[in-house]
Amino acid sequence: MSVAIHIDHVIKRYDQVTIIPNLSAHIKNGEFFTLLGPSGCGKTTLLRMIAGFNSIEGGEIKFDDLVINEIPTHKRNIGMVFQSYAIFPHLTVRENIEYGLKLRRFNKTEIKTKVDAILKAVKIEEYQDRLPERLSGGQQQRVALARAIVIHPNVLLMDEPLSNLDAKLRVEMRSAIREVQNQVGITTVYVTHDQEEALAISDRIAVMQTGVIEQIGKPQSIYTRPYNVFVSTFIGHSNLFAGKIKVEDHKTFVLFQDGYQFEMDNLGAVTDGQEVIISVRPEEFSVQENGIQCTIHNRVFLGKYVNYTLTFAPGMVIKNQSATEFSQDLGHAEKVFEIGETMILRPNKAKVNIFTADQRMNLIRDVKQYE
Amino acid sequence: MNKKLLTWDFWTFVTISSVAVFGLFLMYPLFSLFISSFLDPATGVFTLENFSKFFSRKYYYQSLINSMWVTTCVTILSIMIGTALAYFMTAFKVKGKGAVEVLVIISMLSPPFIGAYSWVLLGGRSGIITQFLSDLFQMEWPSIYGFSGILLVLTLKLYPFIYLYVSGALKKIDASLIEAAESLGCSGIKKVVTVIMPLVMPTLLAGALMVFMNALADFGTPMLIGEGFNVMPVMIYSEFINEVGGQANFAAAMATLMVILTTTIFLLQKYVVNRKSFTMSSLRPMQAKGLSGLKNIVMHIAIYGLVLVSIIPQVTVIYTSFLKTKGQIFVSGFSLDSYRIVFDNLALAITNTYVYSFVAISLIVFFGMLVAYITTRRKSWLTDMIDTLTMFPYIIPGSVLGITLLLAFNEDPLILSGTATIIIVSLVIRRLPYTLRSSSAILYQISPSVEEASISLGASPLKTFFKITAVMMIPGVLSGAILSWITCINELSSSVILYTGGTKTMSVAIYTEVIRASYGTAAALSTILTLTTVIGLLLFFKVSGSRDISL
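For the protein sequence lines, the chains are V and S, in the order given.
All the letters of the first sequence, read from the start, carry residue numbers 2 to 372 under the numbering used here.
All the letters of the second sequence, read from the start, carry residue numbers 16 to 566 under the numbering used here.
Shown next as structure tokens:
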């Protein structure tokens, strides 16, 4: 009974303030779709519009072909998992899970079969007769998940379900959620501000900022081929350098301010002399004999890696970025550098991204904003 | 938020009904009172005559001065006694702390006029102590009547408020704050003055307001023990009763003055508290230390002495209820005559008390929860208005509320005077705000996502309220309701104005019996009332699982 969700040009306004100006997205049947963005980007607002807790001021949201704008929440047949778990504290685990089934007037034996099955699937059988206050956070979230899934909802909506859990449990619950979602094959919309979580769990991710979807794509494409500078710096770290395009004999080169250049054959439409931003992730550098020169400002040892904070010559890097970094993979490093030392780094030209000077667009050929 | 301005659902209905109820039973009567205070009794023309009459005759304006004077003294004394008791009970180990606390609460919850009248029994002109002292030592016991009597009775009845408020605040002070003060080189009395006092100050002021309002509005105590010392509520009552059948404009003018006075004080307190309010939560409350030697003995004597004096009225009442009486005079020996008379002649008062209080408390719980829901979860200018309206009963003295209701519903189209309805309405109006506040506090503790979870699972919002929200609220609301119920059965100041022969309640009956000098039956009734109070209190402890009383 799972459905596809079509979000067409929706608008969200509170009084005079527009939170979401005009947003469209299409979520496939059975897909695990994540809304990712900094706090205040409108991701929870959008989720609550799908749920029906927020009204829709323009455009429409459809479950398959059915417009749901005016359907009240309790008739939308959704399953929702909340950040605060929202377990009914006066009901036992089993009664919590039965709640939605009873409202749907299933008979007793059906209810029992369904609840038994889901208790097993989320691995909380042994706690079924306990009151929720005696469960840990992870167990409570399993109850919430079971309660939402057992009613076979059209869609499963999850609002930062893991953010109240500690780091280890978060990773464990992450796979539990994914596993259960795979078993049931239910369309899931998942909201989070944790990029690692989003990359690990999703089929596709929508990266949001100030009510606008900046990019929709598979986790890997979002990371390796971000559509714009916001996505490239929000997902993982990216070092941004000021650069220029040079076209010579039908070959395209990218030039750093200090004159270092390399040829790129995967760029789309660019012109000679065009100002660009060169975006290099910390792990895309390697220590070489020629490349760009920098001094080590600070050094943090992280086990697998050494993370260096770098200082470049004036004008090399774009202003107002958090830090310029290089992650040295200790598995292959020949030398660990000291603070104050100079090193020469070469970006991996197969990996770097080139953005327009206004930061809006990736110049690499065939990078799609909405995948 | 819905895009339509007004969606017609159950909650809209609740909102509009509560505006209607408060409008009809609170604003309209209050408004009638104000209007009436500006009308000439004979001609019905607009005049300031009623007010100038009040301020031009010493007999009248002296009662205002008296009221202010005795209320201020009661408040200061209560603060001193209550704060000291709270500090010693929290900071030091006191033997029998639980019992002390329960006795203090009982003395607070029983009706104040019981205190007044047992002190008359003890220290009045022919009281037990007075007789004893004059027989044995030819000693003159200072007069219990008038100012000193009111001061004694009201202080003993009201210091527990301060005690409860302040000890609640002291429990919230984290021990690390005091340790921090000590580590900075501050100790002893300086620590109390610079750290502890400022931290409990907002709570202390809130408690002081409660005491002030209660003392100012109290009718029973000055009526029974005040004698020549006239205070406002007594003056209003007697002027009003004297004029029944005629116009009550002068009483209305005095009532208006009273409302103006309480409103001013209320706003003043709110202003001061808002400026210095902060929240505290303690992970590690202060630990009680043991005192030793003389200090320890003195502290225990003082605390036990205080509790003994506070509980004497209840003990006296229970004792005298079993004395043999002949007509109105006590004779030697014990009997159950007083109870027999009560059950023969005053059974109706007992049933009335229970019926009215149960009806009232059911309505209070029902409305309280619904109204709390709209004011916390369905905010709009209308619900804000309801929220403000519900503040009024805090500041309107009981006798004034009684008069307003009587003035408003004494004629067509809605005649309620003399009915049980009007007494229940007055109980509901007076106590609803307390249940409302506690229900709102509970609602703020319940995360809205729990309701949303229920809705997402397919329950309509209304079903969700009754199946989830209300069920989660009930334990907290009920324990508060038990306390409200106790104050309902002990209510005198508005019932004494609203009652007629058929709608007499126990507290009214006690009052009339005392006035008729039938001390035996009054004592028997009071004993029943006290016993009910104690049972209610035990029920509260059981339901709430704690001894934290908030009124």
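Glycine is no exception: its CB is placed at the ideal position from the N, C-alpha and C atoms.
Under 7 angstroms by beta carbon: chain S residues contacting residue 10(V): Within chain S, no residue comes near residue 10(V); the closest Cβ sits about 17 angstroms away, beyond 7 angstroms.
Can you tell me the Cα-Cα spacing of residue 89(V) and residue 124(V), whole angstroms? In a straight line, the C-alpha of residue 89(V) is about 19 angstroms away from that of residue 124(V).
For a contact defined as C-beta to C-beta under 9 angstroms, what are the partners of residue 467(S) on chain V? For residue 467(S), the residues of chain V that pass the 9 angstroms Cβ criterion are 49, 52, 54, 74, 81, 83 and 87, in the order they occur in the chain.
Of the listed residues 405(S), 307(S) and 327(S), nearest to residue 42(S) (C-alpha basis): Nearest of 405(S), 307(S) and 327(S) to residue 42(S), Cα basis: 405(S).
For chain V, check one thing: does any of its Cβ atoms lie closer than 9 angstroms to the Cβ of residue 470(S)? Yes, its Cβ sits closer than 9 angstroms to a Cβ of chain V.
Could you tell me the boundaries of the beta strand (DSSP E) in which residue 160(V) lies? Run containing residue 160(V): 156-160, per the beta strand (DSSP E) assignment.
From residue 308(V) to residue 8(V), what distance separates their C-alpha atoms? C-alpha separation (whole angstroms): 41 angstroms.
Limits of the unbroken alpha helix (DSSP H) element including residue 245(V): From DSSP, residue 245(V) is part of no alpha helix (DSSP H) but of the beta strand (DSSP E) over 240-249.
Are residue 267(V) and residue 366(V) close, meaning C-beta to C-beta below 9 angstroms? Result yes, Cβ atoms of residue 267(V) and residue 366(V) sit closer than 9 angstroms.
If you scan the segment 92-137 of chain V from start to end, which runs of the alpha helix (DSSP H) of 4 or more residues do you find wholly inside it? Secondary structure in the segment 92-137 of chain V: the alpha helix (DSSP H) runs of 4 residues or longer, each lying completely within the stretch, are 94-104 and 109-122 in chain order.
Excluding five sequence neighbours on each side, which residues of the same chain lie with their C-beta closer than 6 angstroms to the C-beta of residue 230(V)? For residue 230(V), where only same-chain residues beyond five positions count, the Cβ hits under 6 angstroms are 356 and 360.
In whole angstroms, what is the alpha-carbon distance linking residue 253(V) and residue 212(V)? Their backbone Cα atoms lie some 36 angstroms apart in a straight line.
Which residues, in chain order, does the segment 159-182 of chain S contribute to contact with chain V at a C-beta distance below 8 angstroms? Flagged: no residues at all.
Answer with yes or no whether the minimum CB distance from residue 456(S) to chain V is below 9 angstroms. Not closer than 9 angstroms to any Cβ of chain V, the Cβ of residue 456(S) fails to qualify, so no.
Buried versus exposed call for residue 75(V) [16 or more other C-beta atoms within 10 Å across all chains shown]: Residue 75(V) comes out buried.
May I have the straight-line CA-CA distance separating residue 271(V) from residue 246(V), to the nearest angstrom? Roughly 7 angstroms separates the two Cα atoms.
I'd like the list of long-range same chain contacts for residue 487(S), defined as Cβ closer than 6 angstroms, with 5 residues on each side in sequence excluded. The answer, listed in chain order, is 461.
Limits of the unbroken beta strand (DSSP E) element including residue 330(V): Element bounds for residue 330(V): 326-330.
Cβ-heavy atom distance between residue 423(S) and the ligand GDP below 8 angstroms? The ligand GDP is absent from the structure shown, which contains no ligand whatsoever.
So, helix, strand or coil for residue 320(S), using DSSP? Looking at residue 320(S) - three-state DSSP - the assignment turns out to be helix.
Give me the Cα-Cα distance between residue 165(S) and residue 148(S), rounded to the nearest whole angstrom. The C-alpha of residue 165(S) lies about 22 angstroms from the C-alpha of residue 148(S).
In or out: residue 236(V) buried (at least 16 other Cβ within 10 Å) or exposed? Only buried fits residue 236(V), as 16 or more other CB atoms lie within 10 angstroms of its CB.
Leaving out the 5 sequence neighbours to the left and right, which residues in its chain are closer than 7 angstroms to residue 317(S) when beta-carbon positions are compared? Same-chain partners within the cutoff: there are none.
For residue 359(S), the three-state DSSP class (helix, strand or coil): The answer is helix: DSSP assigns residue 359(S) an H, G or I state.
Indicate the three-state DSSP secondary structure (helix, strand or coil) for residue 35(S) in the structure shown. The answer is helix: DSSP assigns residue 35(S) an H, G or I state.
Length at least 4, wholly inside the segment 232-304 of chain S: the alpha helix (DSSP H) runs in chain order: Complete alpha helix (DSSP H) runs here, min 4: 235-240, 247-257 and 264-290.
Going by other Cβ atoms of all chains shown within 10 Å of its Cβ, with 16 needed for buried, is residue 106(V) buried or exposed? Label assigned to residue 106(V): exposed.
As an exercise, report each continuous beta strand (DSSP E) stretch of at least 3 residues that is fully enclosed by the segment 113-200 of chain S, in chain order. Listed in chain order, there is nothing to give.
Over what stretch of residues does the alpha helix (DSSP H) that includes residue 529(S) continue unbroken? Here the alpha helix (DSSP H) through residue 529(S) covers 521-530.
With 16 other CB atoms within 10 Å as the buried threshold, where does residue 21(S) fall? The pLDDT assigned to residue 21(S) is 47, lower than 50, so where the model puts this residue is not dependable; a value taken from the coordinates is nonetheless given after this. So residue 21(S) ends up on the exposed side.
Pull up the distance between the alpha-carbon of residue 152(S) and that of residue 535(S), whole angstroms please. For residue 152(S) and residue 535(S), the gap between their C-alpha atoms comes out near 28 angstroms.
Here's the rule I'm using: 16 or more other beta-carbon atoms within 10 Å means buried, otherwise exposed. How should residue 20(V) be labelled? Answer is buried; the Cβ neighbour count reaches 16.
Would you verify that the beta carbon of residue 473(S) is, or is not, closer than 9 angstroms to some beta carbon of chain V? When Cβ-Cβ separations below 9 angstroms define contact, residue 473(S) makes contact with chain V.
Sorted by chain position, which residues of the same chain lie with C-beta nearer than 8 angstroms to residue 224(S)'s C-beta, five sequence neighbours on each side aside? By the criterion of a C-beta distance shorter than 8 angstroms, residue 224(S) is surrounded in its chain by 280, 281 and 284, once the five residues flanking it on both sides are discounted.
Look at residue 368(S) and residue 504(S) and say whether their C-beta atoms are less than 9 angstroms apart. The answer is yes: Cβ separation under 9 angstroms.
Would you say the segment 391-399 of chain S touches the segment 494-508 of chain S, given that touching needs at least three Cβ pairs under 8 angstroms? Under the three-pair Cβ rule at 8 angstroms, the segment 391-399 of chain S does not count as touching the segment 494-508 of chain S.
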